[in-house]
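Line by line, the protein sequences are chains F and G. Per the working numbering, the very first residue in the first sequence carries number 88; after that it's consecutive. Per the working numbering, the very first residue in the second sequence carries number 525; after that it's consecutive. For every residue, glycine included, the Cβ atom is placed at its ideal position computed from N, Cα and C. None of the values given here were measured: they were computed from a predicted structure. All remarks here apply to the structure that follows.
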Amino acid sequence: MSPNLSALAYLVAAICFVMSLRGLSSPATARRGNIYGIVGMVIAVLTTIANPQVVGYDLILAGLLIGGAIGTVIALRIQMTAMPQLVAAFHSLVGMAAVMVAAAALYAPESYGIGTTENIKIASLIEMTIGLIIGAITFSGSIVAFAKLQGLVGGSPVIFWGQHWLNLLLGLLIVAGASYFCVSQSKEVFWIVTALAFLIGIMIIIPIGGADMPVVISMLNSYSGWAAAGIGFTLENTALIVTGALVGSAGAILSYIMCRAMNRSFVSVILGGYGADHSDNETIDSDKTVKPGSAADAAFIMKSAESVIIVPGYGLAVAQAQHAVREMADLLTESGVRVRYAVHPVAGRMPGHMNVLLAEANVPYDDVFELDQINSDFSTTDVAFVIGANDVTNPAAKRNPQSPIAGMPILDVENSRTVLFVKRSLSAGYAGIDNELFYQDSTMMLFGDAKQMTEDIVKSL
Amino acid sequence: MATEMIDPFIFRLTIFVLAIFVGYYVVWSVTPALHTPLMSATNAISSVIIVGALIAAGPDTMSLSRVLGFIALTLAAINIFGGFAVTQRMLRMYKPKR
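Spelled out as structure tokens, the structure:
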């Protein structure tokens, strides 16, 4: 295939990728979007294989088969609750692939038309180094994120004295090493820079607490895009440059949305330490009384309601109560109650996670609403049924400027006529703060396991 | 001016910057309900880095760069197949009201 024809084919692939993201604007067009993505990828791969330099089909076929089989099996087996870990693991692979491609370009620059060994064009060296560093950070950072999400290491932030100075020093060493590499083209320096970038990737993620993981995953998503774009510049490949830009901006936007949903600045997330030790926070005041209720009470209240809004949180998924909740909602709908779901942006462990978990439990997507869409409806709702969520409903975010979650947008469940709050005990939420909602007159606490309680309500309905 | 050629890098930079703008507007139009599939899909398409791996694995003589290319190719393939398959699996779960 002539270079011009290849370039046009890569352009088509890039357009397919834009269309694949465009398809995600609604669930109705999303699957077609995904097909666009697959078509774009097939075009890009075939175009590259048609390159006259590419003749070693044995290894290529082996790699595609091995990788394809592993990827497909993982994708079909993975639990939806484990999606954040899976995405983190996948990001690490993109990062590692970027590192490997940069190294391959260094060892065989002729294949990429960027010069000869020890005599690579300076522009290509700079592009390659940028792709390498971002790729290495993506790799090691994603591995740490994966380990935290999978529970292989503790989710609490790792903080030590002089951490930021050490990171600064590492950053400066990387810049110095990268500059020296671009001048000397030394392979040893290349690998030293790679090792330093791996190290800083670990250092960046360890101080970030479990509560901020949605931001971390989005950020690493963005990094994987920028790494791909960096390599795209080295390879002078437009499909790679365009895709890298698309993915980079997607991750950046998601990071922004997640930060906004927690009212945290991106910088404070990156500096880390959140969700560490809240033992000095307000302890639960024993003077305040709560109104406990039974499953039968809850069933009675909801059945006689006109409308119910279910507020699910990650605790719902942990208790595996999604299906029981959907069953409850179905029974209520049959008896003429209007049932809707209100999802906070950080209800799950990654952007949009709760929506996937509800979809898996066969909840129709047009019953699920975002915070902005539904928040004003709580005041005209009879029952808010909060299950597995806590901090995202805490009115302290609005009323107490001293609260760690002050300013975080919350679901205004306190405005509904009755709040049913399913919870194991009165313990504090993820952010380690008490919820005044528990002590409100209109709140009935349903103490128990989310799944067990919901199943009991279903029986009573 | 007319005799001076524009560096091809500038062309690529132009493409890159315009693509960031396209990405910005397209991603804001993604419904929040599909943010998880968005991540798995972007993850799959960023594996188009496989084109670099294919070139490295391309020659028929063995070399270090070919081995590196092979590993990168396998990793990217895991991502491509895994990413698209899991996205499709998730998207199939989203159903409208019956």
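For the region 188-208 of chain F, the residues whose beta carbon sits under 7 Å from a beta carbon of chain G are, in order, Val188, Ala190, Ala191, Tyr194, Ala195, Ser198 and Tyr199.
Look at F:Tyr452: its C-beta is under 8 Å from a C-beta on chain G. Three or more Cβ pairs drawn from the region 173-192 of chain F and the region 554-572 of chain G lie within less than 8 Å of each other, which places the two stretches in contact. In the DSSP assignment, F:Pro399 falls within the unbroken beta strand (DSSP E) covering Ser394 to Pro399.
Around the beta carbon of F:Glu421, a 10 Å sphere encloses fewer than 16 other beta carbons of the protein chains shown; the residue is thus reported as exposed. Taking the beta carbon of G:Thr555 as reference, the chain F residues within 8 Å of it are Leu111, Ser112, Ser113 and Pro114, listed in sequence order.
As for any alpha helix (DSSP H) of minimum length 4 sitting wholly inside the region 147-216 of chain F, the runs are 170-194 and 196-199, ordered along the chain.
Looking at the DSSP output, F:Thr505 sits in a beta bridge with F:Val470.
Of all alpha-carbon atoms in F:Asp454, F:Val470, F:Asn254 and F:Met306, the one lying nearest the alpha-carbon of G:Lys621 is that of F:Asp454. The C-beta of G:Ile534 comes no closer than 8 Å to any C-beta of chain F. F:Met532 carries a strand assignment under DSSP once its states are collapsed to helix, strand and coil.
Per the C-alpha coordinates, the member of G:Leu542, G:Thr611 and G:Gly606 positioned closest to F:Leu180 is G:Gly606.
C-alpha of F:Met389 to C-alpha of F:Val500: approximately 15 Å in a straight line.
The CB of G:Thr538 never comes closer than 7 Å to any CB in chain F; the least such distance is about 10 Å. Closest in alpha carbon position to F:Ile220, among F:Thr203, F:Leu163, F:Leu286 and F:Gly238, is F:Leu286. Beta-carbon to beta-carbon, F:Ile520 and F:Ile492 are separated by about 7 Å, close enough to satisfy the 8 Å threshold. Out of F:Val334, F:Ile295, F:Gly400 and F:Ala406, the CA that lies nearest to the CA of F:Val356 is found in F:Ile295. Measuring C-alpha to C-alpha distances from F:Leu513 to each of F:Ser273, F:Tyr401, F:Thr376 and F:Thr330 identifies F:Thr376 as the nearest. The straight-line gap separating the alpha-carbon atoms of F:Ile328 and F:Leu108 is approximately 16 Å. The three-state secondary structure of F:Ala493, taken from DSSP, is coil.
Not flagged as an interface residue toward chain G: F:Val500, since no C-beta distance is shorter than 8 Å. In this structure, F:Ser227 keeps its C-beta atom at 8 Å or more from the C-beta atom of G:Ser570.
Contact annotation: F:Ala332 and G:Ile544 have beta-carbon atoms nearer than 8 Å. Under the Cβ criterion (8 Å, minimum of three pairs), the region 300-317 of chain F counts as touching the region 333-349 of chain F. Under the three-state reduction of DSSP, F:Ala429 is assigned to strand. Annotation for F:Val479: no beta strand (DSSP E) segment contains it, and DSSP assigns it neither H nor E. Per DSSP, F:Val142 is not a residue of any alpha helix (DSSP H), being assigned neither H nor E. For F:Phe285, the enclosing alpha helix (DSSP H) has its first and last residue at Lys274 to Ile292. DSSP places F:Pro379 within a strand segment (E or B) once states are collapsed to three. Collapsing the DSSP output to three states places F:Val455 in a strand. Proximity of G:Ile530 to chain F, defined by a Cβ-Cβ separation below 8 Å, is not satisfied.
For F:Val302 and F:Ser490, the gap between their C-alpha atoms comes out near 21 Å. For F:Lys538, the enclosing alpha helix (DSSP H) stretches over residues Ala537 to Ser547.
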